[in-house]
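Written out below as structure tokens is the structure these notes cover.
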Amino acid sequence: MITVAPSVMTLLKKQKSQQAQIRRLAGQDWRNPWDLVFTNETGGNLSHFTVYKSFKEIVRSIGLEQERFHTLRHSYAVVSIENSDDIKTVQTDLGHATASFILDVYGHVSQKMRQQSADRMEHFIRKVSW
């Protein structure tokens with residue numbers, strides 16, 4: 267089980283509603299035994315090529331043509347860590363066996379993290395200096 271942001275749940279509910287309309291159109295041809303949220307027009311799973319093609323269209327539209335699909339996973343991990351999510355939560359969200367793997371692969375220190383650390387230290391110094 268995963269916990270997601272409310273805005274993500276809103277989008278997933280919208281998708282499920284749109285899927286219900288597609289299901290009505292498919293009628294007896296609808297086959298979705300795993301209750302997938304993202305399906306083809308008859309309820310089947312999306313092909314790798316369909317997902318890849320859609321991803322490439324999206325990244326091209328925002329000027330990031332060279333991005334790979336797996337980059338989304340890396341970006342999620344880094345943004346989570348930069349925003350102070352604890353490592354065990356990131357580990358669980360990504361499905362890794364150990365927290366040390368998360369630190370080894372995704373825990374590189376970004377400029378944002380260095381600046382946040384410096385800002386926290388400045389706040390501490392001002393607090394104890396006066």
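Each residue of the sequence shown is one higher than the one before, starting from 267 at the first, in my numbering. For every residue, glycine included, the Cβ atom is placed at its ideal position computed from N, Cα and C. All values reported here derive from a predicted model rather than from experimental measurement.
Distance, residue j Cα to residue i Cα
i    : j    : result
R334 : S395 : 48 Å
I328 : E388 : 37 Å
R339 : Y372 : 10 Å
H314 : R392 : 54 Å
K282 : S383 : 41 Å
Pair within 8 Å by beta-carbon distance, residue i and residue j
i    : j    : result
R289 : G309 : yes
E348 : K378 : yes
A343 : I353 : no
Residue environment, residue i, which counts as buried when at least 16 other CB atoms sit within 10 Å
i    : result
I368 : buried
T305 : buried
Y318 : exposed
V270 : exposed
Simplified DSSP assignment, three categories, for residue i
i    : result
T364 : coil
T308 : coil
E388 : helix
L278 : helix
M267 : coil
Q287 : helix
H374 : coil
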